[in-house]
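One line per chain: the protein sequences are A and B, in this order.
Under our numbering, the residue at position 290 of the first sequence is numbered 290, and the numbers go up by one with no gaps.
Under our numbering, the residue at position 129 of the second sequence is numbered 1129, and the numbers go up by one with no gaps.
Below is one structure; the comments refer to it alone.
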Amino acid sequence: MRSIPFYPLMIVLLIGLGGYLGCDPNSIAPNPEIIGDGDGGAQVPPGNFASIPQRTGTTVLIGSFNIQRLGPSKLADGFVMEKFAQIIRLFDVIALQEITSKDQRTLDALVTEVNRLGGQYSYTISPRIGRTGYLEQYAFVFDATRIAGGPEFCYVVQDDADVLHREPFVGRFRTLFPTGPFQFSLINIHTDPDEIAYELDVLATVFKNVREYEYPEDDVLLLGDLNADPNKFQQLGKIPGIMPLIDGLPTNTRKNKTLDNILIDRQMTGEFTGRAGVIDMESVFQLQLNDVERISDHLPVWAEFTATEAGGGITATAATGPTIQR
Amino acid sequence: MSVETNLDGLPLETLKQIVSDPEQVQRQLMAVLRTLRSEDEEQRAWASDCLQQVAEPPLEFGAELAALCMDDCEPLADWACRLLGRIGGNASPWQNHLAEALREHPAMVVRQSAAAALGKIPELSVATREALCRAANSSDPRLKRLATQSLAED
């Protein structure tokens, strides 16, 4: 277990057995036979997903989705589970927030639904996190035919001073492409709207310290339900090079608030292709608002990256802002 | 001390139906609050989501909320303090209830919420300020931070 300085003291707690003590994603060899075009050989799910980039042999799609209280009732709702599965199958890696079930088989059931059509998705899930009344879990679900990851590469930022309601869950991933890997770390966060101003400032420190901890990894992305529009990011928005990839687009189901985001350091993550956006579930599933609200009160957000390391810097396109799509 | 223990909360389906409608939540505010007594964690989570939608509870709920600040159901007392704080300056008549929760509630999270709520009430009494001053010296870092912040805002 290593320590990193934090606000005033936060140490990193590894929840996996390997952690950074021996296992490393670099030790997982790519398997050229299973690297495909991103559908894992399974049927393409029904729906109008034309506006969302297809995963290819040269790009990866990373997303975030607050799935609003994944618990027993949603687990028993076939309609909702099917839509969750369809969304997840669009991504190479997706960060999930708000798994509230006590039953630790819940996410396993969801991933089984994801793989029902032939995919090979895997997941890592955080411990239950929170203060009172109910607890939540974060998760990363990833396409194991294209991405290396696992619990041994994940940890929760431990918060001894209790400055965050839900401490972030960090995971390290690596593409399994024969052309060379893109390795990146994801900071999965769900902020508390009651203390949003304070927590966003704290997250600036979290981002910097996780990046320092992950060094020499330079591709650190912060993603999740930030409960704030980018113009209210305060210290988080002032980190040199920081760039919210979702700006000016609503991410809640009622389409009147930008709550969710994916943040990169544009000076470091040159792998960003300049394409990011929000999945409009009403449009892609051809549903009415009340049916979309059965799925979640949030919309999934996405960003596309090249599947191989691009080094530092960024393309001119991204430097002037991403091409936001829906 | 428990208040209204004989009254039921709302079923899960109702909570899901009203969660996106702050006006509906506000109309059933006390019933939503009582749902926090449920042993079903999923039901409590959805009730909390409903309560999160209430930006400023009507003043008419002030006395009922104040009476719940010392409730022995931790999530219920926690939310009662938070909602009282959202009433803001008009919650001044009930600041002694928040101060009592800050001083005496056995659950740290309730004491923390009481400390935060008092920061939204201007013109605190001497007794309330004393309670906040003691909390500002707490060994609990979050209580200490919130109490210090509330004192600074007064």
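Note that the Cβ used here is the ideal one computed from N, Cα and C, for glycine as well.
Within the segment 1040-1076 of chain B, the alpha helix (DSSP H) runs of at least 4 residues that lie entirely inside it are, in chain order, 1041-1052, 1062-1068. Spatial neighbours of residue 1016/B in its own chain (CB-CB distance under 7 Å, excluding positions within 5 residues in sequence) are listed in chain order as 1046. Listed along chain B, the residues sitting closer than 7 Å to residue 161/A by beta-carbon distance are 1141. Residue state for residue 183/A is assigned as strand, using DSSP reduced to three classes. Against chain B, the beta carbon of residue 138/A has no neighbour under 8 Å; the closest one sits roughly 15 Å away. For residue 128/A, no pairing in a beta bridge is given by DSSP. Only 1041, 1042, 1044, 1045, 1046, 1048, 1049, 1052 from the segment 1041-1057 of chain B bring a Cβ to less than 8 Å from some Cβ of chain A. Proximity of chain B to residue 293/A at the Cβ level (cut-off 7 Å) is accounted for by 1020, in chain order. In this structure, residue 1098/B sits away from residue 1076/B, with a CB-CB distance that is not shorter than 8 Å. The alpha carbon of residue 89/A has as its nearest neighbour, out of 68/A, 102/A, 145/A, the alpha carbon of 145/A. Taking a Cβ-Cβ cut-off of 7 Å, the neighbours of residue 73/A in chain B comprise 1012, 1042, given in sequence order. The alpha-carbon of residue 228/A is positioned some 17 Å away from that of residue 206/A. For the segment 188-205 of chain A, the set of positions with a beta-carbon nearer than 9 Å to some beta-carbon of chain B reads 193, 194, 195, 198 in chain order. Bridge partners of residue 190/A according to DSSP: 225/A.
Taking 8 Å as the threshold, the shortest C-beta distance from residue 1082/B to chain A falls below it. Neighbours of residue 1036/B in chain A, taken as residues whose beta carbon is under 7 Å from its own, are 133 in chain order. If one requires a minimum length of 4 residues, the alpha helix (DSSP H) runs lying completely within the segment 248-298 of chain A are 281-285, 289-295, in chain order. Going by DSSP, residue 1026/B is part of no beta strand (DSSP E) but of the alpha helix (DSSP H) stretching over 1022-1027. In the three-state DSSP reduction, residue 1143/B falls in the helix class (H, G or I). Residue 1080/B and residue 1065/B have their C-alpha atoms some 5 Å from each other.
Residues of the segment 100-124 of chain A with a C-beta atom less than 8 Å from some C-beta of chain B are 100, 101, 102, listed in chain order.
Put simply, the backbone Cα of residue 1053/B is about 15 Å away from that of residue 253/A.
Residue environment analysis places residue 112/A among the exposed positions, since fewer than 16 neighbouring C-beta atoms fall within 10 angstroms of its C-beta. Less than 8 Å divides the Cβ of residue 92/A from the Cβ of residue 142/A. Within chain A, the residues whose beta carbon sits less than 9 Å from that of residue 1109/B are 131, 132, 133, listed in sequence order. Taking each of 1105/B, 1093/B, 1135/B in turn and checking the Cα distance to residue 1123/B, the smallest one comes out for 1093/B. Not flagged as an interface residue toward chain B: residue 260/A, since no C-beta distance is shorter than 8 Å. Beta-bridge pairing by DSSP links residue 1125/B to no other residue.
When only Cα atoms are considered, residue 1020/B and residue 66/A end up about 15 Å apart. The criterion of a C-beta distance shorter than 8 Å is not satisfied by residue 1039/B and residue 71/A. At least one beta carbon of chain A lies nearer than 8 Å to the beta carbon of residue 1078/B. Counting along the chain, the unbroken alpha helix (DSSP H) around residue 1117/B starts and ends at 1108-1118. Close to residue 254/A, with beta-carbon spacing below 8 Å, are these residues of chain B in chain order: 1020. Around the beta carbon of residue 79/A, fewer than 16 other beta carbons sit within 10 angstroms, so the residue counts as exposed. Annotation: the continuous alpha helix (DSSP H) that includes residue 72/A extends over 72-75. According to DSSP, residue 66/A shares a beta bridge with 97/A.
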